[in-house]
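**Student:** In case it helps, the working numbering puts the sequence shown at residues 12 to 159.
Cβ coordinates follow ideal geometry from the N, Cα and C atoms, glycine included.
Here the structure is a predicted model, which means the values were calculated and not measured.
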Amino acid sequence: MTTVDAPVSHLRENPYEIAKSQLRKVAQSFAIDPNLVNILQQCKKSLAVSIPVAMDDGTTQVFEGYRVTHNIARGPSKGGIRYHPDVTLDEVKALAMWMTWKCALSGIPFGGAKGGVVCNPKTMSEGELQRMTRRFTSEIINEIGPEK
């Protein structure tokens, strides 16, 4: 698991709007068909889920989680999970879009996806993080996998 202190959402602009703007600039520079740009600006699928987790102190906390698939034109989508107290759906959409570009530019036959859970992993025990990750996965399992 990787944690980063500074969320993309600290930017003044919406991260998803930034990603779409980057796409439009590149498309203009390379004369990419505007119809293709319209398709690539959109995420294929977005899912928001509630994640109830039994905490070590006996309480149950409910976290919010997201899973976004941006594009699967090159193959099944791939992407990790971002755990951060300020993660947003638009941030996850942007990260999924950037994963699509990263895979395409690297020649990797995958599309882009990303997950996000609104939590502070620095204050959670290993057991709490494990239970949260397992529950998050069980909530999105019907939306992920190579045949999705």
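In terms of DSSP beta bridges, what is residue 121 paired with?
**Tutor:** Note: residue 121 sits in no beta bridge, so no partner.
**Student:** Cβ of residue 121 within 6 Å of any heavy atom in the ligand COA?
**Tutor:** As far as ligands go, the structure on display features none, and thus does not contain the ligand COA.
**Student:** Can you look up residue 105 in the DSSP assignment and give me helix, strand or coil?
**Tutor:** It is helical.
**Student:** Going by DSSP in three states, residue 146 sits in which element: helix, strand or coil?
**Tutor:** Three-state result, residue 146: helix.
**Student:** If you count every other CB in all the chains shown that lies within 10 Å of the CB of residue 49, and 16 or more means buried, which is it?
**Tutor:** Exposed.
**Student:** From the DSSP output, in three-state form, read off residue 14 for me.
**Tutor:** Its pLDDT being 49, under 50, residue 14 is placed unreliably by the model, and the measurement read from it follows with that caveat. Here residue 14 sits in coil by DSSP.
**Student:** Could you check which residue in 147, 94, 148, 119 has the C-alpha nearest to that of residue 134?
**Tutor:** Of 147, 94, 148, 119, the residue nearest in Cα terms is 94.
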